[in-house]
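To keep things clear, I will list the structure first and then write my remarks on it.
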Amino acid sequence: MNVRRQGPPISSGASGPAGEPRRTYRSTLRDEQAADTRRRIVCAARELFGSQGFAATTVADIAGRAGVSQPTVYAVLGSKGEIMRALLARLEDDADAAAWKARIDGEEDPRRKLDWYAAWHRELFSRGRDVLAAALGAGNEAGVVEFRKQGDRSAREWLAPVVSSLATSGALRPGLDEQTALELGWMLTGPELYFRATDGCGWSDDAYQELLGRLLRQQLLTAPD
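Taken in order, the sequence shown gives residues 5 to 229; the numbers are from my numbering.
Structure (structure tokens):
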């Protein structure tokens, strides 16, 4: 009598074609480990930049706080300047930029539109206070300087549709062209005013927001109040 010999059941963890799930699992695990390493480095850098400043923080400090080696820090994120760029790049997402932009763009009343714009900057600056303060103190670090320029361009891109909307509705102050309005708004909404108001004068975030909203209305609108 012939007896058919049966091999072992195919396992999802076997090698060969049937082993694909195992390789996928291992790949996913490596991705998760890499993401966790990056997260720990970024968090460590933010804590140290915020507590002791950019200049006083070394890559060795960041590596020690994150529990990784210095070569790992360089391999994952690069130099201190590049780490700072990564931190700055996260600020808008952390402050829910998309929702704020939709709220500002959707507001038809010129005064409330500028008040929302002031509220957005209060949210952005207050949430990113530690990172922004460290960036302002980073001097001429190449990566940070370049990101500041990108930040300036981003700020103008945010403001341009606001100014265009005000011009279209006839709300701009008489004699004020769109380019000048854009420049005025850009100057007023820089982080320097926020830090001078809060750190320099001891004002609350609420007081800063009220000041910025009032300044924007006074400088840009035909009927500020």
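In this text, a Cβ means the ideal position worked out from N, Cα and C, and glycines have one as well.
Determine the extent of the alpha helix (DSSP H) in which residue i is found, giving its start and end residues.
i, result
"T76", "74-80"
"P195", "195-199"
"F129", "114-131"
"D203", "Careful: D203 lies outside any alpha helix (DSSP H) and carries neither H nor E."
Can you tell me which of the three DSSP states residue i falls into?
i, result
"L225", "strand"
"L176", "strand"
"G217", "helix"
"E86", "helix"
"E96", "helix"
"S31", "helix"
"D181", "coil"
"A59", "coil"
"W142", "The sequence shown places Ala at residue 142, rather than the Trp named in the question. Correct three-state label for A142: coil."
"S4", "Lying before the first or after the last residue shown, residue 4 is absent from the chain, which here runs from 5 to 229."
"G71", "coil"
"E150", "helix"
"E51", "helix"
"E161", "helix"
By Cβ distance, which residues of its chain are closer than 7 Å to residue i, with the 5 residues on each side in sequence left out?
i, result
"Q213", "A122, A123, R126"
"P178", "T226"
"P13", "Confidence is the limiting factor: at P13 the pLDDT is only 49, short of 50, which leaves the residue's position unreliable, though a coordinate-based value still follows. Closer than 7 Å at Cβ, skipping near neighbours: no residue."
Alpha carbon to alpha carbon, what distance is there between residue j and residue i?
i, j, result
"A59", "K153", "20 Å"
"D229", "A106", "24 Å"
"S31", "A38", "11 Å"
"E51", "A79", "20 Å"
"W162", "D40", "32 Å"
"D209", "R160", "23 Å"
"C205", "T172", "37 Å"
"L69", "A138", "Per the sequence presented here, residue 69 reads as Arg, with Leu not at that position. Distance between the alpha carbons of R69 and A138: 18 Å."
"R157", "A185", "15 Å"
"I108", "M191", "19 Å"
"Q56", "I87", "16 Å"
"F199", "R221", "21 Å"
Using a Cβ-Cβ cutoff of less than 6 Å, which residues in the same chain neighbour residue i once the five nearest sequence positions on both sides are dropped?
i, result
"Q183", "none"
"L188", "Q223"
"V167", "E182, A185, L186"
Quick one: does residue i have its CB under 8 Å from some CB of chain C?
i, result
"E214", "No chain C is part of this structure, which consists of one protein chain only."
Between residue i and residue j, which are expected to be in contact by the criterion C-beta below 8 Å, what is the C-beta distance as a whole number of angstroms?
i, j, result
"P195", "L118", "Going by Cβ atoms, the distance from P195 to L118 rounds to 18 Å, so no, they are not a contact pair."
"L170", "P114", "6 Å"
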